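A.B. asks:
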Amino acid sequence: MTRSTPGSTPPARQSGEERRAAVIEAAIEEFAGRGYAGGSTETIARRVGISQPYVFRLFGTKRELFLAAVDAVFSHVQRVFTVAAQSTQGDKMDAMGLAYEGLRSRRHELLLLLQAFSASGEDEIRQEVRRRYRALFEEVRALSGASHTQVQNFFASGMLITIASVLDLPELLVWEDP
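The sequence shown: position 56 = 55 (numbering that gives the first Met the number 0), numbered continuously.
#1: Can you give me the Cβ contacts of Leu-102 inside the same chain, cut-off strictly under 6 Å, excluding the 5 residues immediately before and after it?
#2: Which same chain residues end up closer than 8 Å to Ser-86 when comparing Cβ atoms and leaving out the 5 residues on each side of it in sequence?
#3: For Thr-148, tell me which candidate among Val-165, Glu-24, Met-92, Ile-23 has the shortest Cα-Cα distance.
#4: From the DSSP output, in three-state form, read off Ser-104 for me.
#5: Give the secondary structure of Gly-38 by DSSP, where H, G and I count as helix, E and B as strand, and everything else as coil.
#6: Curious, which full-length alpha helix (DSSP H) runs of at least 4 residues does the region 118-152 contain?
#7: Could you tell me the alpha carbon to alpha carbon distance between Tyr-132 and Val-76, rounded to whole angstroms?
#8: Taking the alpha-carbon positions, what's the Val-173 to Leu-142 distance?
#9: Residue range of the alpha helix (DSSP H) that Gln-180 falls in?
#10: Exposed or buried, which one is Ser-117 when buried takes at least 16 other CB atoms within 10 Å?
#11: With Ala-31 and Leu-135 assumed to form a contact (beta carbons below 8 Å), what rounded beta-carbon distance in angstroms separates them?
#12: Can you tell me where the alpha helix (DSSP H) holding Val-54 begins and where it ends?
#13: Output yes or no for whether 8 Å exceeds the beta carbon distance between Ile-23 and His-107.
#14: State yes or no: is the C-beta of Val-54 within less than 8 Å of the C-beta of Thr-42?
#15: Exposed or buried, what is Thr-4 when buried is set at 16 or more other beta-carbons lying within 10 Å of its beta-carbon?
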């Protein structure tokens with residue numbers, strides 16, 4: 000149910016899929032800033048202009064909403080890597096690395112990834128985050144043709160980029176040739 004304030008123009012009618020996407024985007028922002036435990040489904044519902052019970056009708060539980068948000072971010076990173084790797088004739092790892100650097104402007108998504116790792120103390124969340132992380136690792140390996148160790152180094156650099164970005168430490172991201 001979409002709400003409008005008195006005297007305002009009612010929002011355009013959204014399809015169920017559009018509303019679900021809006022809830023996931025609001026959840027990414029909420030959970031990125033407050034974590035799984037601190038994130039509020041009431042705040043998410045309010046941001047989207049729907050009732051909290053409708054959020055639960057769409058996702059079932061807070062955990063399922065959190066996992067849908069995490070899944071959306073992993074899917075976005077995977078799409079970015081795939082497009083980068085497929086659009087270069089050069090080094091695919093370099094292209095994916097540059098593409099990941101481009102994700103720095105989406106700080107809330109990087110924060111959500113860190114929140115997902117943090118929430119992995121809960122078994123169901125850990126299993127899903129582990130599955131997505133492993134799949135992303137294997138996708139990078141398949142796209143690049145790189146060795147396991149090269150992909151490990153790629154992900155280690157990605158973690159540095161993620162942490163330096165969310166902590167606003169750009170000086171850590173100055174790469175020097177060996």
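Glycine residues also receive a C-beta, built at the ideal position from the N, C-alpha and C atoms. Given the structure is predicted, the values throughout are model-derived calculations rather than measurements.
C.D. replies: Well, looking at it:
#1: none
#2: Ala-94
#3: Met-92
#4: helix
#5: coil
#6: 122-143
#7: The straight-line gap from Cα to Cα measures roughly 11 Å.
#8: Each residue's Cα considered, the two are about 26 Å apart.
#9: A question about residue 180 goes unanswered here, because the residues of the chain that appear run from 0 up to 177.
#10: By the 10 Å Cβ count, Ser-117 comes out exposed.
#11: Contact flag wrong, Cβ pair sits at about 18 Å.
#12: 51-58
#13: no
#14: no
#15: Confidence at Thr-4 is low in this model, with a pLDDT of 47, below 50, so its placement is unreliable and the value that follows should be read with caution. Under this definition Thr-4 is an exposed residue.
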